[in-house]
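Encoded as structure tokens, the structure appears first; notes follow it.
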Amino acid sequence: MFKWLKSGAPWVWLTGGAVSISLISVLGLLLLIGWRGLTYFWPAPLYQWQDDNGSALIGQVYSKTWVPTYNIPNANELLPQEVLEAGKVERYSIKIANRDLYGIDFVSLLSSELHQQQTPSDLVVIERTRGGDFFGRILALKVRRVRLIRRWKACSE
Numbered sequence: 036m037f038k039w040l041k042s043g044a045p046w047v048w049l050t051g052g053a054v055s056i057s058l059i060s061v062l063g064l065l066l067l068i069g070w071r072g073l074t075y076f077w078p079a080p081l082y083q084w085q086d087d088n089g090s091a092l093i094g095q096v097y098s099k100t101w102v103p104t105y106n107i108p109n110a111n112e113l114l115p116q117e118v119l120e121a122g123k124v125e126r127y128s129i130k131i132a133n134r135d136l137y138g139i140d141f142v143s144l145l146s147s148e149l150h151q152q153q154t155p156s157d158l159v160v161i162e163r164t165r166g167g168d169f170f171g172r173i174l175a176l177k178v179r180r181v182r183l184i185r186r187w188k189a190c191s192e
């Protein structure tokens, strides 16, 4: 046993193991960074809901969390009875964009406040340099006072 230790063979194996663990760690970190980075370029689905007031809300779901009903002020007045009995409700953080119209980018709503979730095919996301992203529908496209919406419809079909 001492002869084997003096030969240096265990240190070669330990060095090889340390190098392999380092390589696996670096590759894992690169995969994690790549995965998180690629999700930035993959477009998130754009949803449309009806809220309690009957108005349409267009946005992307940023996060979902479960919230205990005892943490919600006036829960007895705001939430339906079945949600109160469950003891928790889902809270959505929704990116509504259109900062120039609403003044905010995100809104936080409870699942009981949102109805009729849809993914209409005519909704678009336009990335702007000022005012944040735009979520909505294209009504017309004009370039130098020439209306190009007919060409856009023909290309999209």
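When we follow the numbering used here, the leftmost residue of the sequence shown carries the number 36, and every step to the right adds one. Even glycine gets a Cβ: it sits at the ideal position worked out from N, Cα and C.
query                                                                                           : result
Environment of F170 [buried if 16+ CB atoms lie within 10 Å]                                    : buried
Three-state class that DSSP yields for I107 in the structure shown                              : coil
Proximal residues to Q152 (C-beta, below 6 Å), its chain only, five neighbours per side dropped : Y82 and W84
For A91: DSSP bridge partner residues                                                           : Q85
Within 7 Å, strictly: CB atoms of I12 and V118                                                  : A query on residue 12 cannot be resolved here, the shown segment of the chain reaching from 36 to 192 and no further.
Option in V102, D86 and S42 with minimal Cα separation from V124                                : V102
Continuous alpha helix (DSSP H) stretch holding L67: start and end                              : A44 to F76
CB of S147 within 7 Å of CB of P115, strictly                                                   : yes
Beta-ladder partner(s) of W101, from DSSP                                                       : E125
Where L73 falls, given that 16 or more other Cβ within 10 Å makes a residue buried              : exposed
Nearest-angstrom beta carbon gap, L176 and I93 [assumed within contact, 8 Å]                    : Incorrect: roughly 19 Å between the Cβ atoms, too far for contact.
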